[in-house]
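The sequence shown: position 99 = 99 (full-length UniProt numbering), numbered continuously. These notes are about the structure you will find just below.
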Amino acid sequence: MTFPGVRIPEQPKRPTLEGSVAVRDGRRISFAEYGSPRGPAIVWMHGTPGARRQIPVDAREYAAEAGVRIIGIDRPGIGSSSPYLYPSILDWTEDLLLLLDALAIDTLRVIGLSGGGPYALAAGAAMPDRVHGVGVLGGVAPTRGPDAAEGGIIQLAVHAAPLLAATRVPLGVALTGAIRTVKPLAGPALDLYAAVQPPGDKNLLGRPEFKAMFLDDLLNGSRFQTSAPLADLLLFTREWGFRLDEVKVPVRWWHGDDDHIVPFRHGQHCVDRLPTATMTVIDGESHLGGLGIAQKVMEELLALGQ
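This is the structure we're talking about:
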């Protein structure tokens, strides 16, 4: 079904490998792989919302050219990953271990964008012998426990947590139905969203390759279910299951100084508490700024642990 005058950008190339892996309790976790199947591995954790294909086109191209293996992972409740609410973000790493073993990955680096940041840090805390480095792009900060940061939009989720917990499943069903209904208007809807963003995100979302990537990821990931973003929000209102000072592996954090979703001070708050972290300020960029420097991020992480 199409509408006159509505044009969806050309879709990016499909992943080189896409599928799912059996994890605990009869569930499955789905993934998409780009680049070289035998190169050093980078696990890429998508933002909230997002899915396994939320990986910049230039990162995919760099992986192919440099012989790097990128694996994007669907969190439970998006794509083909079974719906599930972890008791804490740290618990996710037990499923990650099973996926890594199934894909024959011994060592890796992990990148997390926004809501994927806590999951990337959890991997560093749980697997210091396998994770050589963690990259965080505008990552969410803790809201509970000794590492909690004050303020920010995430506090809306904290206040709404009881309602989210009670309505997460029906809300996920409704969200999936809504996305299916407006699918033909996904391009104009993304343009409308971009129009009200700060200059950094507006410019990035205006680039055809980024617009195509986001639309492909959203429409592919939400074909069957869309409860993962709601599960993320609930987990962000709980303690993560680990302290930031327990992440002993090297962490490289990039944050736009004009981030309107996760305040820059939240990023600095986390970096100050991580034992081996460094902060790189992305001047003039807002929340998605880290996606625009994906190759630089990958190069810096690949240099760790060598």
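Glycine included, C-beta positions come from ideal geometry on N, C-alpha and C.
Residue i - DSSP class collapsed to helix/strand/coil
| i | result |
| --- | --- |
| A51 | coil |
| G72 | strand |
| Y84 | coil |
| M1 | Summary for M1: the model assigns pLDDT 40, below 50, so the residue's position carries little reliability; its value from the coordinates is reported in the next sentence. Residue state, collapsed to three classes: coil. |
| I89 | helix |
| I8 | Legend: pLDDT at I8 = 47, less than 50; position of this residue unreliable, value from coordinates given subsequently. If DSSP states are grouped into helix, strand and coil, I8 belongs with coil. |
| A160 | helix |
| I153 | coil |
| T278 | strand |
| A123 | helix |
| V196 | coil |
| E61 | helix |
| G35 | strand |
| L291 | helix |
| A41 | strand |
Cβ shell of residue i (< 6 Å), same chain only, five flanking positions each side left out
| i | result |
| --- | --- |
| H269 | A141, A149 |
| V43 | I71, L108, V110 |
| V21 | I29, L99, A102 |
| A41 | R69, I105, L108 |
| Q54 | H46, D217 |
| L288 | D201, L204 |
| F242 | L90, A125 |
Residue j beta carbon less than 7 Å from that of residue i
| i | j | result |
| --- | --- | --- |
| A123 | T93 | yes |
| M279 | W253 | yes |
| A59 | A231 | no |
| G35 | I73 | no |
| D101 | V23 | no |
| A104 | I78 | no |
| L233 | I89 | no |
| S81 | G200 | no |
| A277 | V251 | yes |
| T48 | E33 | no |
| D259 | G138 | yes |
| G145 | L204 | no |
| T143 | I154 | yes |
| D257 | V281 | yes |
| G135 | L301 | yes |
| V131 | V262 | no |
| L121 | V271 | no |
| T237 | A166 | no |
Bridge partners - residue i, DSSP secondary structure assignment
| i | result |
| --- | --- |
| R28 | A22 |
| V131 | L108 |
| V136 | G112, W253 |
| L17 | E33 |
Close beta carbons around residue i, own chain, < 8 Å, minus the five adjacent residues each side
| i | result |
| --- | --- |
| K13 | R60 |
| R27 | P76, S81, S82, Y84, D95 |
| P4 | Because the pLDDT at P4 is just 44, under 50, the model does not fix this residue reliably, and the point stays unresolved. |
Same chain only: Cβ atoms within 7 Å of residue i, ignoring 5 sequence neighbours per side
| i | result |
| --- | --- |
| A126 | L90, T93 |
| residue 315 | With the chain covering 1 to 306 only, the question about residue 315 has no answer from this structure. |
Let me know the alpha helix (DSSP H) ranges lying completely inside the segment 201 to 262, each 4 residues or longer, listed in chain order. Counting whole runs of 4 or more residues, the segment 201 to 262 contains the alpha helix (DSSP H) stretches 208 to 221, 228 to 236.
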